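K.L.:
Heads up, the final residue of the sequence shown is numbered 1032 in the numbering used here, and it's a clean run with no missing numbers. Quick one: the structure is below, and I'll ask about it shortly.
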Amino acid sequence: MAATGFNASQLRPHIERCGYRHSFVLPNVEFAGGAKVALAAFAHPPFDARSVCIVAIDGPIHSDTAGACRKTGAPIVLTCDQSQMQWWKLGPVDVRPVGNPVDAENAATFFQQNASIFAPRKIYRAKTWARFDKQLRLPFVDVNLLPVVERDTGMALKELVEGEYTRLQQLLGWSDPDASQGHWMLQTVFWLVSAKMLHDKGVETFSDLDLHDVTAVLDRVAQHHSVPATRVNRRQLAAIADVASTVAGHPNLQFATTEALAFVYENAMITKAIRDELGTHSTPTYLVDYVVGRLAPWIEQIDPKKRNVFEPACGHAGFLGAAMRLLTELLPDEKSTASNRRAYLRSRIHGCEKDPFALEIARLSLTLADIPNPDGWDLSPGDMFETAILEQKSRSASILLANPPFMNFTADEREQYRSGGSECRYHNKTAEMLRRTLPHLPDGSCFGVVVPQGFLHSRNAADLRREVLTQYEIDEILLFPDKVFAFSDMESAVLIGRKCSHESGNRQVRYRRVRERTIGGFRESYIAPSERTVPQSRFLTDECDLRVPELEEVWNSIASLPHQLCDLADVGRGFSPRSDELRAGAQFYFDKRAKGRVPVYHVFPGGIGLHGLPQEEWADLSDENIDRPRWGLTRGVPQVLFNYATTSRGPWRLKALIDREGHAVTKSFVVLRPKSPELPLEFLWAVLNSPVANSYAYSHLGKRDNLEGTMRRFRVPDPSSSEIRKIAKLVAQYFASIEAQEAPLFRKQDATSPQEVLLRIDAAVLDLYDLPANLERELLDLFADWERGGVRFTFDRYFPKQFQQSIPLRDVIAVTYDWPKTNRRRGHLIAREVEGTITEQEADELNRLQGLADLRTDLLDPFNLEDLEQLHAEITIGTNG
């Protein structure tokens, strides 16, 4: 190879020797923005951002040259500048050179040395499956690149669809289109975009299509979907032609994936009416990949002739598309060619969907994922609850994938199905769908379904859960908060299992929980901060409840404590006044004192500090004005108050306040009144504001309010009088530190910071519970990245991010706030050791203090081991390259 005139196209034979088929290495490939790469090497069809492994481009050896290729989705970029070649690693935002530039005459040697790691299967699995299986990771493949590329492509398509929809409406002069007109416009724009995608990807019957010929485009798309062609008048045709011109000029969609269509479907093509009627909540791509990835080992064990996938309520066919890719990947090379896989896949991919528009997108998605083969997919239209389609399809399915509607049936729907001979046994649509599918699956089949968390424990579905537990091996239960789906606020869960004819008493379930602040981490690397393994048999109770309380080991550890909260204090909710209607609209709360009125705490302010009290209001608490008195009418008795409604979506659920005067309080408050005069309010305040009580409320109540019945059962230690005095003194110090800060002449050096005092209070309460260090650390980690409410300082974690050791909070204080004192004691004991006068007890103390000294170093200067390992791997590959 010449040392000059060296260009990217000359890399083809070297790339092919790494395992790429000649037909899978495409020359002069255009991507978004009209730019081109000289070569693009794909692992397999379809040729898109998922399957592309390497792109080669001519230009200066500069990060900008490589970075311009990001929209292709290729993790590896090779730039050639006439005499040298540079290997680059592409990330979502950064571009890194891997090794040094390679002279043209050394290119052959370079590819020989890297042939094994450049292999198409290895790179494809690293970019698609490595987020799920870390063993597949390669240091030069950024697993976060593909999701960003797909999201950006989806966003661009969404903006195109929405923009052209608006323009078509303006061109037609439809200022207030009805539902029918709106659907027609949206479908028309989508058909134009569909034709553009099929054209750019070279699909047969579309590759030679003139995208400006509106009539031909609409006819061709109608044939593809096996529906009648759309009839338009001259005015409509002229308007569509204008829009078609814009769509045709959109950047090339060669690299667009079917996952980008999912984004368009969810964000631009589902009306609120359809979403409300059908309960549509599109499954995020990362969750689709996760479920299919978890099932992959089981699917691989199924006879290829029996691999049949069924997705009820398939929507845009997200699960079907992912399953189809996996089935293709599992085929031998000779059977995975386009002609051989065409009939195989179309006889093994099955779905049903009520929304006809979603079915159009499903057909397009599956066709794009199986280029160059045409349509022909088994996608059934209609309401899955009206017929026996669920039972029929399930009997021959070996893989069930679903994210069904979460809502309950309405009374009208139940009557409609009953009168049609298809009675629904369960209140919830998810439960009914599972009833009609899971029992009918053949032995050895597997399933991955998304369900509302209510399914895990609803009494109505207890018998169905029992059937699942006895017939299936449950591999995983994965819980999500309410922000997983863009347009649904329901908490959800994923169930993954396999049907087994034989019973096993030692089946283990992987139980994982993703919290709101950790969804991003799960999306990127499938890490769940809470994970444990539990025996499946534990769920076989009367109710077959599939829930495992968060921090269950913590609650088991303190279950033997002598007291419940209700043993130490009366616990109850405040009063409810009579309704406005019963009071004939008469005002109840006033901001001024008057005869017959008493001071009342009415509203629990969301932003109130832990040291504060609500604004007083005045009300007449006569019997005729009160609906339910509960515990709220007692006055003059000192009490602790906490909020009934949650003040945070996170684990800081409680705000306890000290009310020494004893006000009447409304139902917005829960009151605690000590049963013994020996128990100070400060102690109850400290316990209720502690991470223990807050995590208890968070894990036992979820999104519900702070129910007093649940809080009554909270376990409390039996403290000694000295421990009570210590905590009460710290609480008094906290209030004093707040007051000092509010003083006009406050000087920071004159007072202990409130943050330090509050940390000492938390540590003192934790010491009373005497949890093992690992459980205390697990409990405190629950609060990481959640701002503590009711304080005027930053308090969003107990440990630095990279610090991993399990240590008591008191040790954190010992090596931070108390380090001068701790270190002096350590120095004193070291001196005694040198003198030879140290006692055995002192030697043990010194060992502990020496450990604290090491701990201080780790605590104040932690490092990220994973980052170091990644850097080491990149340096090693670069050196070898």
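C-beta atoms are modelled at their ideal positions from N, C-alpha and C, and glycine is treated no differently. Note that the structure is predicted; figures quoted are calculated from it, not measured.
#1: Does the beta-carbon distance from Arg168 to Phe262 come in below 8 Å?
#2: Could you tell me which of Glu984, Leu922, Ile512 sits nearest to Asn707, measuring between CA atoms?
#3: Should Gly978 be labelled buried (16 or more other beta-carbon atoms within 10 Å of its own) or exposed?
#4: Who does Arg779 pair with in a DSSP beta bridge?
#5: Can you list, in chain order, the residues of its chain whose CB lies under 8 Å from that of Gly572, leaving out five sequence neighbours each side?
#6: Between the C-alpha atoms of Asn251 and Ser267, what's the straight-line distance to the nearest angstrom?
#7: Could you check where the beta strand (DSSP E) with Thr230 kicks off and where it finishes?
#8: May I have the straight-line CA-CA distance separating Gly725 from Thr861, to the nearest angstrom?
#9: Who are Arg168's beta bridge partners in DSSP?
#10: Does the CB of Met236 have a neighbour CB from chain D at under 8 Å?
#11: List in chain order: all unbroken beta strand (DSSP E) runs of 3+ residues lying wholly within the stretch 211-272.
#12: Taking only three categories from DSSP, how would you classify Asp810?
#13: Grab me the residues of Val294's own chain with a C-beta within less than 6 Å of its C-beta, minus the 5 sequence neighbours each way, in chain order.
#14: May I ask you to list the residues that DSSP assigns as paired with Ala720?
#15: From Glu675 to Ser547, what distance separates their C-alpha atoms?
#16: Just curious, the alpha helix (DSSP H) that Gly314 is in, first and last residue?
#17: What is the DSSP secondary structure of Thr684, reduced to helix, strand or coil?
#18: Compute the beta-carbon to beta-carbon distance between Ala395 and Leu343, rounded to the nearest angstrom, for a pair I have assumed lies under 8 Å.
#19: How do the stretch 371-379 and the stretch 518-532 stand: do at least 3 beta-carbon pairs fall below 8 Å, yes or no?
#20: Going by the beta-carbon positions, is the gap between Thr874 and Leu919 smaller than 8 Å?
#21: In this structure, how does DSSP classify Val443 when only helix, strand and coil are distinguished?
#22: Is the number of C-beta pairs between the stretch 749-761 and the stretch 849-856 that are closer than 8 Å three or more?
#23: Just verifying my parser: in three-state terms, what is the DSSP assignment at Asn794?
#24: I'd like to know whether the C-beta atoms of Ile212 and Thr223 end up nearer to each other than 8 Å.
#25: Can you check which of these residues, Leu832, Asp633, Val916, Ala796, is closest to Arg866 by C-alpha distance?
#26: Along the chain, where does the beta strand (DSSP E) that runs through Trp769 open and close?
#27: Less than 7 Å between C-beta atoms, sequence neighbours within five positions excluded: which residues of the same chain meet that for Ser160?
#28: What first and last residue would you give for the alpha helix (DSSP H) that runs through His376?
#29: Would you tell me roughly how many angstroms separate the C-alpha atoms of Ala411 and Gly533, rounded to the nearest one?
#30: Which residues in the same chain as Met641 place their Cβ atom closer than 7 Å to its Cβ, once the five residues preceding and following it in sequence are excluded?
#31: What whole-angstrom Cβ distance do Pro402 and Gly185 have, given they're in contact under 8 Å?
#32: Would you report the Cα separation of Ile522 and Asp329, rounded to the nearest angstrom?
#33: How many Å lie between Gly1082 and Gly671 at the Cα?
#34: Under DSSP, the beta strand (DSSP E) around Asn840 begins and ends at which residues?
#35: Among the candidates Val249, Arg876, Leu646, whose CA atom is the shortest distance from the CA of Phe291?
#36: Gly987 by DSSP, collapsed to three states: which one?
P.N.:
Put simply:
#1: yes
#2: Leu922
#3: exposed
#4: Ser727
#5: none
#6: 19 Å
#7: 227-231
#8: 16 Å
#9: Partner(s): none; Arg168 has no beta bridge.
#10: This model lacks chain D altogether; it includes just one protein chain.
#11: 227-231, 235-241, 246-248
#12: strand
#13: Ala281, Arg282
#14: Pro825
#15: 35 Å
#16: 296-323
#17: strand
#18: 5 Å
#19: yes
#20: The sequence shown places Glu at residue 874, rather than the Thr named in the question. Yes, they are a contact pair.
#21: helix
#22: no
#23: strand
#24: no
#25: Val916
#26: 767-770
#27: Pro178, Ala189, Leu190
#28: 365-376
#29: 25 Å
#30: Phe557, Pro603, Asp633
#31: 7 Å
#32: 37 Å
#33: The structure shown does not extend to residue 1082, since the chain is modelled only from 152 through 1032, so no value can be given for it.
#34: That residue, Asn840, is in no beta strand (DSSP E); its alpha helix (DSSP H) goes 832-840.
#35: Val249
#36: coil
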